[in-house]
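Let me begin by presenting the structure, written as structure tokens, before commenting on it.
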Amino acid sequence: MLAPQRQAAILDRVRATGGVRVTDLATEFGVSDMTIRRDLEALADRGLLAKVHGGATSMQPGSTDEPGFAAKSIRQQAEKAGIAARAAELVTPGIAIALSAGTTTAELARRLTDVAGLTVVTNSIPVADIFYRSGRPDQTVVLTGGVRTPSDALVGPVAVGAIRTLHLDVLFLGVHGMSERAGFTTPNLMEADTNRALVGAAERLVVLADHTKWGTVGISSMAALEEAHTVVTDAGLPDAGQAILTEHVAELVIVS
């Protein structure tokens, strides 16, 4: 396959899935990682995609664009790890928590598999799988039913109906975007309904959002800024965003 043909195929994949990994593309096309990196650089130079660590993502997302779980998992990995580690300090043995779908909440799940007596409610297939694979017998994991989204969330009336019967201590909510006007948002209308049900079921709302989420607005709002008890983010948050969140949120935690 010639380089232009391979680059066209890569671009089609990015547009279809929202992002790609260098290692996956190298295996698929039978070329070296360096060859794929040169392809991605050529496409990025033309403004057709955005290079990120380990791969590439689509450019200029709209309010309804929803990258897949794998595509999002290669974005801001260090920031998400720091946010998850700090959020894990808020979890104590024996409580009932909810983890919404998202790559940052999945990072948090990996840090909670050793917490004794934990009850976890989630609409995320990857999050449920993390707890399932840990096999800790004193943890209870409840996976809602529902329709699967590109980000591996289960949403819709089945999920909402199950969540509305529950009473939870803390919800850890991953978001697509956050802004002063729109609050915390998602690009998926059905996921917004499901996450609003999670917000309503929890005594405390903790939002996990890296700095790139500030100023991004999805099509549907899940909660106003004032509804969050805590927002955990990273030091890349712009000064304007820090000032607004400090004004509207009870506690802003910035992870360095």
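At position 14 of the sequence shown (counting the first as 1) the number is 14 in the UniProt record's numbering, and the numbers step up by one without a gap.
A virtual CB, placed ideally from N, CA and C, is assigned to each residue, including glycine.
### Task
Would you check if there are 3 or more beta carbon pairs closer than 8 angstroms linking the region 169-186 to the region 224-233?
yes
### Query
Which of the three DSSP states, helix, strand or coil, is assigned to residue 111?
For the purposes of this step, residue 111 is taken as residue 111 along the sequence shown, with counting starting at 1. Coil, per DSSP.
### Range covered by the beta strand (DSSP E) that runs through residue 25
Residue numbering aside, residue 25 sits at position 25 when the sequence shown is read from its first letter. Careful: residue 25 lies outside any beta strand (DSSP E), inside the alpha helix (DSSP H) at 22-29.
### Query
Rounded to the nearest angstrom, how far is the Cβ of residue 276 from that of residue 124, given a contact under 8 angstroms?
Because residue 276 is not part of the residues shown, which for the chain are 1 to 256, the question remains open.
### Query
Rounded C-beta distance between residue 210 and residue 76? I'm assuming under 8 angstroms.
Position 210 of the sequence shown holds residue 210. Position 76 of the sequence shown holds residue 76. So it is a contact: roughly 5 angstroms between Cβ atoms.
### Message
The beta strand (DSSP E) that contains residue 205, what's its start and end?
### Response
The residue you call residue 205 lines up with position 205 of the sequence shown. Per DSSP, residue 205 belongs to the beta strand (DSSP E) from 202-208.
### Message
Taking a contact to mean a Cβ-Cβ separation below 8 angstroms, would you say residue 232 touches residue 253 in this structure?
### Response
Taking the sequence shown and counting its residues from 1, the one referred to as residue 232 is at position 232. Taking the sequence shown and counting its residues from 1, the one referred to as residue 253 is at position 253. Yes, Cβ-Cβ distance for residue 232 and residue 253 is below 8 angstroms.
### Query
Which residues mark the beginning and the end of the alpha helix (DSSP H) in which residue 160 is found?
On the sequence shown, residue 160 is found 160 positions in, with the first residue counted as 1. 157-163 is the span of the alpha helix (DSSP H), which, as asked, contains residue 160.
### Query
With 16 other CB atoms within 10 Å as the buried threshold, where does residue 4 fall?
For the purposes of this step, residue 4 is taken as residue 4 along the sequence shown, with counting starting at 1. Classification for residue 4: exposed.
### DSSP three-state assignment for residue 97, whether helix, strand or coil
Here residue 97 corresponds to residue number 97 of the sequence shown, with the count starting at 1. Strand, per DSSP.
### Query
Counting along the chain, where does the beta strand (DSSP E) carrying residue 183 start and finish?
Taking the first residue of the sequence shown as 1, we reach residue 183 at position 183. Start and end: 183-186.
### Message
On the DSSP bridge list, what partners appear for residue 51?
### Response
As a first step, residue 51 is located in the sequence shown; it is residue number 51 there, counting from the start. Bridge partners of residue 51: 56.
#### Entry: Where residue 137 falls, given that 16 or more other Cβ within 10 Å makes a residue buried
Residue numbering aside, residue 137 sits at position 137 when the sequence shown is read from its first letter. That one is exposed.
### Query
Among 48, 41 and 45, which residue has its Cα nearest to the Cα of residue 54?
Working through the sequence shown from its first residue, we reach residue 54 at position 54. Of the candidates 48, 41 and 45, the one whose C-alpha sits nearest the C-alpha of residue 54 is 41.
### Message
For residue 149 and residue 155, what's the separation of their Cα atoms in angstroms?
### Response
Sequence index remark: in the sequence shown, residue 149 carries index 149 (1-based). Sequence index remark: in the sequence shown, residue 155 carries index 155 (1-based). Distance between the alpha carbons of residue 149 and residue 155: 7 angstroms.
### Query
In chain order, what residues of the same chain have a beta carbon less than 6 angstroms from the beta carbon of residue 106, not counting five sequence neighbours either side?
Residue numbering aside, residue 106 sits at position 106 when the sequence shown is read from its first letter. Hits under 6 angstroms: 126 and 127.
### Query
Quick one: what's residue 178 bridged to in DSSP?
Reading the sequence shown from its first residue, position 178 is the one you call residue 178. Paired residue(s): 184 and 214.
### Message
Is it buried or exposed, residue 187, if we count other Cβ atoms within 10 angstroms and call 16 or more buried?
### Response
Your numbering for residue 187 matches position 187 in the sequence shown. Buried.
#### Entry: Residue interval of the alpha helix (DSSP H) (run including residue 40)
Residue 40 sits at position 40 when you count from the first residue of the sequence shown. Taken as a continuous stretch (DSSP letters only), the alpha helix (DSSP H) holding residue 40 covers 33-45.
### Task
Excluding the 5 residues preceding and the 5 following residue 183 in the sequence, name in chain order all residues of the same chain whose CB lies nearer than 6 angstroms to its CB.
What you label residue 183 is simply residue 183 of the sequence shown in a count that begins at 1. The answer, listed in chain order, is 221, 223, 224 and 225.
### Task
On a CA-only basis, which of 185, 17, 140 and 171 is nearest residue 56? Give me that one, please.
Taking the first residue of the sequence shown as 1, we reach residue 56 at position 56. Nearest of 185, 17, 140 and 171 to residue 56, Cα basis: 17.
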